[in-house]
Amino acid sequence: MSLISHLSALVGATFADLGLDPSLGAVVPSNRPELAQFQCNGAMAAAKAVGRPPREIAEDVARALDMATDLKSVDVAGPGFINLTLTDEALAAWAQSMADADRLGVDPVEEPLTVVVDYAGPNVAKAMHVGHLRATIIGDSLARLFDFVGHKVIRDPHFGDWGLQMGLVIAELERRHPDWPYFDPDFTGPYPEESPVTLDDLQEIYPVASARAKEDAEFAEAARRATVELQRKRPGYLALWQHMRAVSMEDQRANFSDLGVDFDIWHGESDVADMLEPLVERLRESGVAEESEGALIVRVDEPGDKKEIPPLILVNRAGGYLYSTTDVATIWYRSEQLGADLALYVVDARQADHFTQVFRAARRASVAGNMQMEHIAFGTMNGPDGKPFKTREGGVVSLRDLIEMVEKAAMARLDEAQIATDYPPEERQRIAHQVGIAALKFGDLHANRTSDYVFDLDRFSSFEGKTGPYLQYAAVRIRSLLRKAQERDLAEGAVLPPQVEAERNLVLELLQFPEAVWRAVDTRCPHHLAEYAYGLAGVFNRFYDACHVLSEPDADRQASWLTLCRLTLDTLVRSLYLLGIEVPERM
RNA sequence: GCCCGCGUAGCUCAGGGGAUAGAGCAACCGCCUCCUAAGCGGUAGGUCGCAGGUUCGAAUCCUGCCGCGGGCGCCA
Numbered sequence: 009m010s011l012i013s014h015l016s017a018l019v020g021a022t023f024a025d026l027g028l029d030p031s032l033g034a035v036v037p038s039n040r041p042e043l044a045q046f047q048c049n050g051a052m053a054a055a056k057a058v059g060r061p062p063r064e065i066a067e068d069v070a071r072a073l074d075m076a077t078d079l080k081s082v083d084v085a086g087p088g089f090i091n092l093t094l095t096d097e098a099l100a101a102w103a104q105s106m107a108d109a110d111r112l113g114v115d116p117v118e119e120p121l122t123v124v125v126d127y128a129g130p131n132v133a134k135a136m137h138v139g140h141l142r143a144t145i146i147g148d149s150l151a152r153l154f155d156f157v158g159h160k161v162i163r164d165p166h167f168g169d170w171g172l173q174m175g176l177v178i179a180e181l182e183r184r185h186p187d188w189p190y191f192d193p194d195f196t197g198p199y200p201e202e203s204p205v206t207l208d209d210l211q212e213i214y215p216v217a218s219a220r221a222k223e224d225a226e227f228a229e230a231a232r233r234a235t236v237e238l239q240r241k242r243p244g245y246l247a248l249w250q251h252m253r254a255v256s257m258e259d260q261r262a263n264f265s266d267l268g269v270d271f272d273i274w275h276g277e278s279d280v281a282d283m284l285e286p287l288v289e290r291l292r293e294s295g296v297a298e299e300s301e302g303a304l305i306v307r308v309d310e311p312g313d314k315k316e317i318p319p320l321i322l323v324n325r326a327g328g329y330l331y332s333t334t335d336v337a338t339i340w341y342r343s344e345q346l347g348a349d350l351a352l353y354v355v356d357a358r359q360a361d362h363f364t365q366v367f368r369a370a371r372r373a374s375v376a377g378n379m380q381m382e383h384i385a386f387g388t389m390n391g392p393d394g395k396p397f398k399t400r401e402g403g404v405v406s407l408r409d410l411i412e413m414v415e416k417a418a419m420a421r422l423d424e425a426q427i428a429t430d431y432p433p434e435e436r437q438r439i440a441h442q443v444g445i446a447a448l449k450f451g452d453l454h455a456n457r458t459s460d461y462v463f464d465l466d467r468f469s470s471f472e473g474k475t476g477p478y479l480q481y482a483a484v485r486i487r488s489l490l491r492k493a494q495e496r497d498l499a500e501g502a503v504l505p506p507q508v509e510a511e512r513n514l515v516l517e518l519l520q521f522p523e524a525v526w527r528a529v530d531t532r533c534p535h536h537l538a539e540y541a542y543g544l545a546g547v548f549n550r551f552y553d554a555c556h557v558l559s560e561p562d563a564d565r566q567a568s569w570l571t572l573c574r575l576t577l578d579t580l581v582r583s584l585y586l587l588g589i590e591v592p593e594r595m
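Going letter by letter, the first sequence gives residues 9 to 595 in the working numbering.
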């Protein structure tokens, strides 16, 4: 149990003794650190219910708590704040038990769920760009968090590979190369082994095809027809599609690898291709789906709706399936085949209506079983001008270029500060990579998930202040310190009651790790953990300044500090791991 | 038009109904004979968009207005 839940239980019990709701005993870190370490605001909330002055209730609670041995002081302040401060002995004991435990005080969930985390959402028709960054980083962190607290996590990028975007590219290729065997209905194969389309081709073709469809209705129709034929697995189209999918996925895997992001199942829309027809039939037979204007739709509007929710289109007029269709089928798959209890969709907030439709349609179709579904929405990443992040030329920035930019900036910093000049080039390169990625990820994760945010490249080239590298730096300094301690045969020892403020603050911060983790998990907002990690790094840096570990003359104190340093390192590294950030051995 | 989100220091952002609204950057002033200065300390900077309301208490909840962004049947 964490310190704060222990305190909450303690104070809650005294509320209960007074005949009040024990949940009133919730304890939080004090927002007036000069007065106390923790506070409980329950007396004021209780006042109305019992019709007694809040101060009186608070004093009753405080009197009962006075017996508690761990508490150095219990005071009532202002209108009825109950201020708590622990004894230094108690803090030391808590820190010791955290240092001895193997999960840093975070108890695993009692009932693990199978949780599908659907994030990244790369599109086979185009290279990953900055727009995919947030989904990837936030989703990856959530997956790590859910895994850490004991759930069974299935990470799935859900490639966009079975919709109109493929038909657009196929139609454009057919327009350009009508002689290719892929387009000859009489061709019996075999098709070439080598892909006729490179990654660069793909990146050039998709925007062109997409633009053409907007102004040329005939071409748009051809693209829709091609989509339908692909979905019906016309051999030539399927062969071409397989080439393009392989080319695109190879690139995307490399991107994910650069970001340190991995998946458990590398599925896409096409993985449920064979479920689409059964799904449609099932819905048609049960009457859930109906014809409308030549399309097959599922009505999903409900009486209490504040706005009009348009029907979900299951099959379009051309007979093609849409991403709505594959999304519903994927719910069926995840519920039935994967046995998932929860599915988290880490997708741009602009798709909120789409998920409302899909989730409702899945319920109406009874394909979700007991699986809960949540749209984990996030805001748009804008450039410094407040508009969606673009290059000066107006194009989107590819993920690859972005990663290269932050790596270069990190390397420049190494050169400029003449750091690690004697390291092997490979290690310097690796450090620059880890530091650059940390800047990128932390820059994304420290902001609230739901609001739009501004991506400013300049902010990622200084590496000072509230940045990923600041956190890495704190951890690296501890590693260096512990290495030196080992060289001098200094061992960790029992945690002693803290004597100075910097030491006490470090212990207090360490003990709040479980709350940070749970807050991030419960709200599905990794930035709460990012805030915590930043706070912990700051508190450690102040401790590092104030308490000179290696030159401490008192051997017991020194041994205690070494334990605190080790515990801080473990907590920092764990926090950063949960944010998807690696810590170099040195930097 | 309807719906969703946002509006907090010059800039970028935290802020869990509670006490005196916090960081980082930028500005200015300090700290390396000392475990990594990618660090630490300090100064300055605020009508929390505006107006009402609920509450003992509102940046936080509710209503209206203003501003910005986004979504609104055959794209993903």
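Glycine included, each C-beta is placed from N, C-alpha and C at the ideal position. A quick note: this is a predicted structure, and the numbers were derived from the prediction, not measured.
If you draw a straight line from the C-alpha of residue i to the C-alpha of residue j, how long is it?
{"i": "Asp138", "j": "Arg457", "result": "Looking at the sequence itself, residue 138 is Val, so the reference to Asp does not match. Using only the alpha carbons, I get a separation of about 16 Å."}
{"i": "Ile12", "j": "Leu79", "result": "13 Å"}
{"i": "Glu434", "j": "Gly168", "result": "35 Å"}
{"i": "Leu210", "j": "Val177", "result": "8 Å"}
{"i": "Ala133", "j": "Glu472", "result": "38 Å"}
{"i": "Ala420", "j": "Ile427", "result": "10 Å"}
{"i": "Asp393", "j": "Glu289", "result": "49 Å"}
{"i": "Arg232", "j": "Glu212", "result": "20 Å"}
{"i": "Val443", "j": "Ala541", "result": "16 Å"}
{"i": "Asp208", "j": "Trp274", "result": "23 Å"}
{"i": "Phe468", "j": "Phe264", "result": "20 Å"}
{"i": "Pro193", "j": "Glu180", "result": "17 Å"}
{"i": "Asp430", "j": "Leu490", "result": "21 Å"}
{"i": "Val547", "j": "Ser470", "result": "21 Å"}
{"i": "Ala545", "j": "Tyr478", "result": "8 Å"}
{"i": "Pro396", "j": "Ser406", "result": "13 Å"}
{"i": "His454", "j": "Gln365", "result": "31 Å"}
{"i": "Ile486", "j": "Arg574", "result": "8 Å"}
Just to confirm, are residue i and residue j a CB contact at a threshold of 8 Å?
{"i": "Ala528", "j": "Pro534", "result": "yes"}
{"i": "Thr22", "j": "Ala72", "result": "yes"}
{"i": "Glu593", "j": "Gly268", "result": "no"}
{"i": "Phe463", "j": "Met413", "result": "no"}
{"i": "Asp272", "j": "Ile445", "result": "no"}
{"i": "Asp74", "j": "Val82", "result": "yes"}
{"i": "Val114", "j": "Val157", "result": "yes"}
{"i": "Ala107", "j": "Val525", "result": "no"}
Please work out which residues of its chain come closer than 6 Å, Cβ to Cβ, to residue i, disregarding the five sequence neighbours upstream and downstream, and give them in chain order.
{"i": "Gly327", "result": "Val236"}
{"i": "Leu28", "result": "Ala54"}
{"i": "Ala373", "result": "Leu291, Val296"}
Per DSSP, what kind of secondary structure is residue i in: helix, strand or coil?
{"i": "Cys48", "result": "strand"}
{"i": "Ser604", "result": "The question about residue 604 has no answer here: the residues shown for the chain are numbered 9 through 595."}
{"i": "Gln426", "result": "coil"}
{"i": "Gly86", "result": "coil"}
{"i": "Leu320", "result": "strand"}
{"i": "Gln520", "result": "coil"}
{"i": "Asn549", "result": "helix"}
{"i": "Met413", "result": "helix"}
{"i": "Pro592", "result": "coil"}
{"i": "Pro62", "result": "helix"}
{"i": "Phe386", "result": "strand"}
{"i": "Tyr461", "result": "strand"}
{"i": "His454", "result": "coil"}
{"i": "Val255", "result": "helix"}
{"i": "Lys80", "result": "strand"}
{"i": "Thr579", "result": "helix"}
{"i": "Leu92", "result": "strand"}
{"i": "Gly327", "result": "coil"}
{"i": "Val529", "result": "helix"}
{"i": "His137", "result": "strand"}
{"i": "Phe363", "result": "helix"}
Considering only residues of the same chain and omitting the five flanking positions on each side of residue i, which have a CB-CB separation below 8 Å?
{"i": "Gly543", "result": "Glu517"}
{"i": "Ala360", "result": "His383, Ala385"}
Can you give me the Cβ contacts of residue i inside the same chain, cut-off strictly under 7 Å, excluding the 5 residues immediately before and after it?
{"i": "Leu1", "result": "Examination of residue 1 is not possible in this model, given that the chain is present from 9 through 595 alone."}
{"i": "Ile305", "result": "Ala297, Glu298, Pro319, Leu320, Ile321, Leu322"}
{"i": "Gly147", "result": "Val125, Tyr127, Ala128, Val354"}
According to DSSP, what are the bridge partners of residue i?
{"i": "Gly501", "result": "Paired residue(s): none; Gly501 is not in a bridge."}
{"i": "Ile162", "result": "Val124"}
{"i": "Leu350", "result": "Val123, Gln380"}
{"i": "Val306", "result": "Ala297, Leu320"}
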